[in-house]
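Each residue of the sequence shown is one higher than the one before, starting from -3 at the first, in the working numbering. Glycine residues also receive a C-beta, built at the ideal position from the N, C-alpha and C atoms.
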Amino acid sequence: MLIGDLIARRAGLTPHQPFWREGAEATSYGQLDADACRVARALLAEGLRPGDRVAVCAANSSAYAAFHFGAAKTGLVLAHINPRSAPEELATLAARCEAALLAFGPGQLELAEAVRARLPGVRRWVQFPRGGAAASGTVASGTGADVSAPDWALPFTDWIAAQRAEEPMFPHEAALREDLPFQILFTSGTTGVPKAALISHRAKLAQGITHALNLGLGGGDRILSSLPLYHQYAQWLVLVCAPLSGAEVLARPAFDAGDTWAALEHEGVTHLPCVPTTLYRVLDHPAAASGRAPHLRRIVYGAAPMDPQRIRQLRIRFPGVRLFQGFGQTETGYCLGLHDADHEIRPEALGKPDLFSEVRLLDEAGRSVAPGQVGEIVARTPYLMNGYAGDLEATAAYFAFGPDWGRTGDLAWRDAEGYYHLAGRTKDLIITGGENVYAAEVERVLLTHPAVADAAVLGMPDADWGEAVHAAVVLAPGRTANPAELEAHCHAALAGFKCPRRFSFHAAFPRTASGKVQKFSLREALLGGRAADSDPQVK
């Protein structure tokens, strides 16, 4: 089955069930499929054919979802670009994926205008309507109307208005295959410039099926989501799991802890997807003292393990709610999971491989490491990407240990019970005085200090040691700590060579959309002496 078939079949089963609800507006599954069919016909009318590339750079909306499924119906490859990109980033990414058409939101008009002259290969520019629902929807009304579009771009509703939703079969549909790519997702960029991962229909559908089972999703469930649709997390949860199960998405333009509590109490939310940082804000919000979540059944999080103390807080605050942590990356998809019962046994772990995935820990020569030893996570999953678009060298490096095995770049060790524990990234391996230090190990110790809200450990150039262990720290509100105090705290739990020699204090860290710390940005700022959020108290 293709991703375009998925939405058509869901619409056939539950045409009036709401898919996307934002404020007073809702788009049903039937209307979403009708809009997707119109998008597909509009794309074909542009002369585009299977394998051609188009791109979207926009904030969340049901028009975005319709564009996504419409592209899937035609066999086009849709590149998803962060709507907060700088002009240089948008120009680079759109050119890299060779987009012939680019859809953008009203909030990205200035951005699109800035790069239009630099993208001669983009033959058509389409502007989405403002608001949560596609303007052509029979359920939607009001704020779904188009805003004024520039003369060089077509309003989305005008673009699809002449297309009929009936007869959804297309002349070339029989030639489409599940193993062909249908989207480009750009890697999160924790270590540098994002790469363009080609994801197939089969891989995305398999990941959605796996997570629908993991999360116990079904018709009548409501997912509260502020996850950006351009990111892998929302791709499988919102655009695959929801249609597979018939669930409804309560969409939010951005995360807000107070709004989350209001929705949990009054909007029948059954599933709450987060990253650890946003879950911590929910727990720390004043509403946590008395707020209720009468319908909440599942909390799903990813990007990093949670602090065990915070897990205990969640258990107390949401008794009976089941937790699930998914770990993976854009290229491999999900490969390790920590289910609810596992949180009682190994709350600090990444989890174990799922039923459909194989995971190995290998050294640089491709040899398996012994239990308890650190190696790189190499995974074979049904969610694996096809390769990197336009980058044969990077693709070969990623599949260096076999065509079905992806190198994640994540370092981990496996305990006697088979749980995997994160040790850091391959680029997070700090070699100081000939000794190996794994950043994640030092970060875990720092996070046990009561004054530390967040920590990022990285290697900085040092004339004597090659690299020095540097700890960037965000202090908890109202708390203080100095470098000597934090160093002593680390010495109580770590060998001396692992303890940070330098500290810097920050208001916040630069992060990717999935909540991961962008250490390359942090390192560049520290090296350049321009860490805008840094406190001058640096050792």
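Between the segment 397 to 416 and the segment 360 to 375, can you find at least three pairs of beta-carbon atoms closer than 8 Å? By the Cβ rule, the segment 360 to 375 counts as touching the segment 397 to 416, because three or more pairs are nearer than 8 Å.
Quick one: Cα of H485 to Cα of G242, how far? So the two alpha carbons sit approximately 50 Å from each other.
Quick one: what's got a C-beta closer than 7 Å to L86's C-beta in the same chain, skipping five residues either side? If we look at L86 and ignore the five residues flanking it on each side, its Cβ neighbours are C53, I77, L107 and V111.
From R507 to R160, what distance separates their C-alpha atoms? One alpha carbon belongs to R507, the other to R160, and they sit about 43 Å apart.
Taking 8 Å as the threshold (C-beta atoms), are L235 and L220 in contact? The answer is no: Cβ separation not under 8 Å.
Assuming contact is defined by CB atoms lying nearer than 8 Å, are L39 and A62 in contact in what I supplied? Taking 8 Å as the cut-off, the Cβ atoms of L39 and A62 do not count as close.
Identify, in the order they occur along the chain, each residue of the same chain with its Cβ nearer than 7 Å to the Cβ of I205, setting aside the five sequence neighbours on each side. Within the same chain, I205 has close Cβ partners L240.
Counting pairs of Cβ atoms below 8 Å between the segment 307 to 321 and the segment 377 to 393, do you hit three or more? The segment 307 to 321 vs the segment 377 to 393: no contact.
Measuring straight from C-alpha to C-alpha, what distance separates G298 and T328? Cα to Cα, the separation comes out at about 14 Å.
Can you tell me which of the three DSSP states W148 falls into? In the structure shown, W148 falls within a coil segment according to DSSP collapsed to helix, strand and coil.
Evaluate W148 with the Cβ neighbour count: other Cβ atoms within 10 Å of its Cβ, from every protein chain shown; 16 or more gives buried, anything less gives exposed. W148 should be labelled exposed.
Using the three-state DSSP reduction, which class does I427 fall into: helix, strand or coil? Reduced to three states, the DSSP call for I427 is strand.
Separation of A504 from P473, as counted between CA atoms: A direct Cα-to-Cα measurement between P473 and A504 gives close to 12 Å.
Check whether the Cβ atoms of F499 and A467 sit closer than 8 Å, and answer yes or no. Using a Cβ distance threshold of 8 Å, F499 and A467 count as a contacting pair.
Span separating the alpha-carbon of D458 from that of R497: Each residue's Cα considered, the two are about 10 Å apart.
Out of R17, W16, C331 and S24, state which residue places its alpha-carbon closest to the alpha-carbon of G8. Checking every option, the nearest Cα to that of G8 belongs to S24.
So is D359 buried or exposed if we call it buried at 16+ other beta carbons inside 10 Å? Exposed, since its Cβ has fewer than 16 Cβ neighbours within 10 Å.
Which residue's Cα is closest to the Cα of V453: R440, W461 and R475? Selected option, being the one with the closest Cα: R440.
To the nearest angstrom, how far is the alpha carbon of A337 from that of A95? Spanning the two alpha carbons is a distance of roughly 45 Å.
By the 10 Å Cβ neighbour count, where 16 or more other Cβ atoms means buried, how is E354 classified, buried or exposed? Exposed, by the Cβ-count rule.
Comparing alpha-carbon positions, which option in R126, L443, I427 and Y434 lies nearest G462? Out of R126, L443, I427 and Y434, I427 has the C-alpha closest to the C-alpha of G462.
T153 - DSSP class collapsed to helix/strand/coil: If DSSP states are grouped into helix, strand and coil, T153 belongs with the helices.
Residue nearest to W232 in terms of C-alpha spacing, selected from R248, L211, A447 and A412: The candidate whose alpha carbon is nearest that of W232 is L211.
What does the Cβ neighbour count give for H262, buried or exposed, with the cut at 16 atoms within 10 Å? Counting Cβ neighbours within 10 Å, H262 comes out exposed, since fewer than 16 surround it.
Establish whether the CB of L105 and some CB of chain D are separated by less than 8 Å. In summary, chain D is missing from the structure at hand, where a single protein chain is found.
For L74, which option in G43, P146 and I195 has the closest C-alpha, if you only look at C-alpha atoms? Nearest option by C-alpha distance: I195.
On the DSSP letters alone, give me the boundaries of the alpha helix (DSSP H) that C237 sits inside. In this chain, C237 is not harboured by any alpha helix (DSSP H), its DSSP state being neither H nor E.
Please state whether DSSP places F499 in a helix, a strand or coil. Of the three classes helix, strand and coil, the one that applies to F499 here is strand, per DSSP.
Comparing alpha-carbon positions, which option in R318, G386 and A393 lies nearest L334? Among R318, G386 and A393, the Cα nearest to that of L334 belongs to R318.
DSSP three-state label for C93, please. DSSP places C93 in coil when its eight states are reduced to three.
Is it buried or exposed, T476, if we count other Cβ atoms within 10 angstroms and call 16 or more buried? Exposed, by the Cβ-count rule.
Let me check understanding here. Comparing Cα to Cα, which of A199, P479 and V465 lies closest to C495? Considering only A199, P479 and V465, the residue with the shortest C-alpha distance to C495 is V465.
Return the chain-ordered list of same chain residues with a C-beta closer than 6 Å to the C-beta of E174, the five sequence neighbours on each side being excluded. The answer, listed in chain order, is H197 and R198.
For R120, report the span of its beta strand (DSSP E) as first-last. Per DSSP, R120 belongs to the beta strand (DSSP E) from R120 to Q123.
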